[in-house]
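Chain order of the listed sequences is A and B.
Throughout, the numbering used here is defined as the position within the first sequence, counted from one, plus 5.
Throughout, the numbering used here is defined as the position within the second sequence, counted from one, plus 858.
First up is the structure itself, then whatever we jot down about it.
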Amino acid sequence: MSEAEIEQGLERLGAALLNGSALQLVRIAGGFQLCTQSAYADTVSRFLKPERPKLSRSLMEVLAIVAYRQPITLAEVDAVRGVQSDYSVRQLQERRLIRDVGRKKTPGRPVLYGTTQQFLHQFNLNDLSQLPKLAVDQPTLPLMDEVEAD
Amino acid sequence: MGTGHELQTVAPTGPLGLFAPPSIHIECEAFVGSLGTLFDCLRRQKVDLLDVPLFPICEAYTLYLVDHAGQDLEAAATAVAALAYLVERKAWLLIPAPPEEEPEYEDPPELIEPTAHEYAPAIELLSRRMQEREQRFFRAGEGELGYEIPFDLGEVTADDLARAFERLILRAQPEPPPSLGKPRRSLTEQMELVLRVVDRTWRPLDGLIESPFTRLEAVWWFLALLELIRLGQVAVRLDEGEVVFRRRMPEDDLPVRELEADA
Chain A
6 MSEAEIEQGL
16 ERLGAALLNG
26 SALQLVRIAG
36 GFQLCTQSAY
46 ADTVSRFLKP
56 ERPKLSRSLM
66 EVLAIVAYRQ
76 PITLAEVDAV
86 RGVQSDYSVR
96 QLQERRLIRD
106 VGRKKTPGRP
116 VLYGTTQQFL
126 HQFNLNDLSQ
136 LPKLAVDQPT
146 LPLMDEVEAD
Chain B
859 MGTGHELQTV
869 APTGPLGLFA
879 PPSIHIECEA
889 FVGSLGTLFD
899 CLRRQKVDLL
909 DVPLFPICEA
919 YTLYLVDHAG
929 QDLEAAATAV
939 AALAYLVERK
949 AWLLIPAPPE
959 EEPEYEDPPE
969 LIEPTAHEYA
979 PAIELLSRRM
989 QEREQRFFRA
999 GEGELGYEIP
1009 FDLGEVTADD
1019 LARAFERLIL
1029 RAQPEPPPSL
1039 GKPRRSLTEQ
1049 MELVLRVVDR
1059 TWRPLDGLIE
1069 SPFTRLEAVW
1079 WFLALLELIR
1089 LGQVAVRLDE
1099 GEVVFRRRMP
1109 EDDLPVRELE
1119 ADA
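Right under this line is the structure:
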């Protein structure tokens, strides 16, 4: 079975689920996954009682900077924020929202951070291109020869 | 420009040191006055030494020596020292100085302005996305750390992992039965056991122990019997060359009494 046939089948499944089903097929984190319809969120939530840890404003800020400027070093995050961010970076790593993606080929070979697939999943994104454009004068991403993969 | 000199009162100290030079009068375009005053003006940078010709000063000094020969050697020595100082200073001033290179000052590094506020819209959007995501429930459990999507194993499938595990299990040796080990026994307990077995019948040692037995059990039996014999609860004797045992009876005490009587 070809990839195109699979995608067609998934589209048909998704369309079929839209008609009276409590489930839906969503494209998320680079794949397809079944989940409940948003309309039933309250009902399911009362049943499951999910405990979703909240992200503080500082964690969200670091996460946004990493998401938009990845791969990025800790020092660069500090420079953008004007404060130290090592705690936030560690917290985001523990929550598997960012990870080491290599080392920068500069003195000290600092670790470069990037977002994870878990980040895409948790923020309802299929890929990083779905991040909205900002009015920020975004620096160009480092060339590949500046990045030393782990 | 004219030259001349006049002897004035010599000051004990002057602007250049302990002894002021004699009041040799100097007169040139740049300066008119005594030698001591010239030094003072040079020190205060009111006169440029390059503008002062040294010839009239040397000539005035020579005339001073001629006029006051041998009168005040100390003043004359001070004067010649001052003159030598002037010559040296001027000589240094006349040496062309190498052009001074302008120091290169690096531009101070620009302080980086924090720009985190520019990401505020992104934070808002990510928060909205997260709220949308929380309206959906996936099959994976929503535990304390949220959900965990499957790891990317590349080409390795779950079946590959299962087959590898099956091969490993087939090669594994069966677990050896746990060693029960006999509970550690004290000599007292062993003696109680022996007393339960030993009765009025004379029996050899291997007739007392229930077969099969180990070497350790034999040692324990033998030690217990020795201790019981010592305590007078088991009697022992030779029966046709073989050692036999039984519970000590009153008649077994007779030989001891005889020995005591003999003693």
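All residues carry an ideal CB built from backbone N, CA and C; glycine is no exception.
For this session: Mind checking the region 71–84 of chain A against chain B and listing, in chain order, the residues whose C-beta falls within less than 8 Å of any C-beta there?
Result: Within the region 71–84 of chain A, the residues whose Cβ lies closer than 8 Å to some Cβ of chain B are A72, Y73 and A84, listed in chain order.
For this session: Closer than 7 Å by C-beta to B/D909: which residues in its own chain qualify, once you throw out the five before and the five after it? Chain order, please.
Result: Taking the first residue of the second sequence as 1, we reach residue 909 of chain B at position 51. These residues qualify, in order along the chain: A888.
Exercise. For A/F37, which beta-bridge partners are listed by DSSP?
Worked result: Here residue 37 of chain A refers to the residue found at position 32 when the first sequence is read from its first residue. Answer is A/R32.
For this session: Spatial neighbours of A/G5 within its chain, please: CB distance less than 6 Å, with the 5 preceding and 5 following residues excluded, ordered by chain position.
Result: Lying before the first or after the last residue shown, residue 5 of chain A is absent from chain A, which here runs from 6 to 155.
Exercise. For B/H926, does the three-state DSSP call read helix, strand or coil?
Worked result: As a first step, residue 926 of chain B must be located in the second sequence, where it is residue number 68. In the structure shown, B/H926 falls within a coil segment according to DSSP collapsed to helix, strand and coil.
Problem set entry | Proximal chain B residues relative to A/T41, where beta-carbon distance stays under 9 Å | For the purposes of this step, residue 41 of chain A is taken as the residue at position 36 of the first sequence. Within 9 Å of the CB of A/T41, the CB atoms of chain B belong to Q993, R994, F995 and F996, in sequence order along the chain.
For this session: Please report the Cβ distance between A/L64 and A/L18, rounded to the nearest whole angstrom; I am assuming they are in contact, meaning their Cβ atoms lie under 8 Å.
Result: The count along the first sequence starts at 1 and reaches residue 64 of chain A at position 59. The count along the first sequence starts at 1 and reaches residue 18 of chain A at position 13. Not quite, the Cβ-Cβ distance comes to about 36 Å (not below 8 Å), so this is no contact.
Problem set entry | Contacts of B/T1015 in chain A (Cβ-Cβ under 9 Å) | Position 157 of the second sequence, counting from 1, holds the residue named residue 1015 of chain B. The premise fails here: B/T1015 is roughly 16 Å from chain A at the closest Cβ pair, so nothing lies under 9 Å.
For this session: Using the Cα positions of A/V94 and A/R62, report the straight-line distance between them to the nearest angstrom.
Result: Locating residue 94 of chain A in the first sequence gives position 89, counting from the first residue. Locating residue 62 of chain A in the first sequence gives position 57, counting from the first residue. Note on geometry: alpha-carbon atoms of A/V94 and A/R62 lie some 13 Å from one another.
Problem set entry | C-alpha distance - A/V85 paired with B/A974, whole-angstrom precision | Reading the first sequence from its first residue, position 80 is the one you call residue 85 of chain A. Reading the second sequence from its first residue, position 116 is the one you call residue 974 of chain B. If I take the Cα positions, the gap works out to 5 Å.
Problem set entry | 8 Å Cβ cut-off: residues of chain A touching B/A974 | For the purposes of this step, residue 974 of chain B is identified with residue 116 of the second sequence, where counting begins at 1. Those within 8 Å of B/A974 in chain A are E66, I70, V85, R86 and G87.
Exercise. Is DSSP giving A/T120 helix, strand or coil here?
Worked result: Here residue 120 of chain A refers to the residue found at position 115 when the first sequence is read from its first residue. The answer is strand: DSSP assigns A/T120 an E or B state.
Exercise. For the region 47–130 of chain A, which segments carrying the beta strand (DSSP E) assignment without a break, of at least 3 residues, lie completely within its bounds, in sequence order?
Worked result: Runs found: 103–109 and 116–120.
For this session: Give a yes or no on contact between the region 1074–1083 of chain B and the region 1044–1062 of chain B, applying the rule of three or more CB pairs nearer than 8 Å.
Result: Proximity of the region 1074–1083 of chain B to the region 1044–1062 of chain B meets the contact definition, three or more beta-carbon pairs being nearer than 8 Å.
Exercise. Helix, strand or coil: how does DSSP classify B/V1094 here?
Worked result: Here residue 1094 of chain B is taken as the residue at index 236 of the second sequence, counted from 1. In the structure shown, B/V1094 sits in a strand (DSSP, three-state: E or B).
Exercise. Counting along the chain, where does the alpha helix (DSSP H) carrying B/E946 start and finish?
Worked result: On the second sequence, position 88 is the one that residue 946 of chain B refers to. In the DSSP assignment, B/E946 falls within the alpha helix (DSSP H) that extends over L931 to L952.
Problem set entry | Supposed contact pair A/P76 and A/Y118 - C-beta distance, whole angstroms, cut 8 Å | The count along the first sequence starts at 1 and reaches residue 118 of chain A at position 113. The count along the first sequence starts at 1 and reaches residue 76 of chain A at position 71. With 8 Å as the limit, A/Y118 and A/P76 qualify as a contact, their Cβ atoms being about 7 Å apart.
Exercise. Is it right to say B/L1003 is buried, meaning 16 or more other beta carbons lie within 10 angstroms of its own, or is it exposed?
Worked result: On the second sequence, position 145 is the one that residue 1003 of chain B refers to. Annotation note: pLDDT 46 at B/L1003 (below 50); position unreliable, coordinate value reported separately. Burial call: exposed.
Exercise. Along chain A, in chain order, which residues have C-beta atoms closer than 8 Å to that of B/A955?
Worked result: Counting from one through the second sequence, the residue named residue 955 of chain B turns up at place 97. In chain order: nothing, as chain A lies at least about 41 Å away.
Exercise. Name the chain A residues that come within less than 8 Å of B/L984, Cβ to Cβ?
Worked result: Here residue 984 of chain B refers to the residue found at position 126 of the second sequence. Simply M65, L68, A69, A72 and F128.
Exercise. For the candidate residues A/R57, A/L23 and A/M6, whose alpha-carbon lies nearest to that of B/R991?
Worked result: Sequence index remark: in the second sequence, residue 991 of chain B carries index 133 (1-based). Checking every option, the nearest Cα to that of B/R991 belongs to A/R57.
Exercise. In angstroms, rounded to a whole number, what distance separates the CA positions of A/Q135 and A/E8?
Worked result: Residue numbering aside, residue 135 of chain A sits at position 130 when the first sequence is read from its first letter. Residue numbering aside, residue 8 of chain A sits at position 3 when the first sequence is read from its first letter. Between the alpha carbons of A/Q135 and A/E8 lies a gap of roughly 23 Å.
Exercise. What whole-angstrom Cβ distance do B/F897 and B/A940 have, given they're in contact under 8 Å?
Worked result: The count along the second sequence starts at 1 and reaches residue 897 of chain B at position 39. The count along the second sequence starts at 1 and reaches residue 940 of chain B at position 82. 6 Å between Cβ atoms; contact.
Problem set entry | Cutoff 7 Å; reference B/C916; Cβ partners in own chain excluding five residues on either side | Residue numbering aside, residue 916 of chain B sits at position 58 when the second sequence is read from its first letter. If we look at B/C916 and ignore the five residues flanking it on each side, its Cβ neighbours are L941.
Problem set entry | The alpha helix (DSSP H) enclosing B/I1087, as first and last residue numbers | Residue 1087 of chain B sits at position 229 when you count from the first residue of the second sequence. According to the DSSP assignment, B/I1087 belongs to the alpha helix (DSSP H) that extends over R1073 to L1089.
Exercise. Run through DSSP, which three-state label would B/P1062 get?
Worked result: As a working note, residue 1062 of chain B is residue 204 in the second sequence. Here B/P1062 sits in strand by DSSP.
Problem set entry | Helix, strand or coil at B/I981 according to DSSP, with G and I counted as helix | Numbered from 1 along the second sequence, position 123 holds the residue referred to as residue 981 of chain B. Here B/I981 sits in helix by DSSP.
Problem set entry | Test: A/A9 CB closer than 9 Å to a CB of chain B | Residue numbering aside, residue 9 of chain A sits at position 4 when the first sequence is read from its first letter. No - not a single Cβ of chain B is within 9 Å of the one on A/A9.
Problem set entry | Residues that DSSP places opposite B/I884 in a beta bridge | Mapped onto the second sequence, residue 884 of chain B falls at position 26. Partner(s): B/G891.
For this session: Count the other C-beta atoms from every protein chain shown that fall within 10 angstroms of the C-beta of B/W1078, then say buried if there are 16 or more, exposed otherwise.
Result: Position 220 of the second sequence, counted from the start, is the residue given in the question as residue 1078 of chain B. Buried, because 16 or more other Cβ atoms sit within 10 Å of the Cβ of B/W1078.
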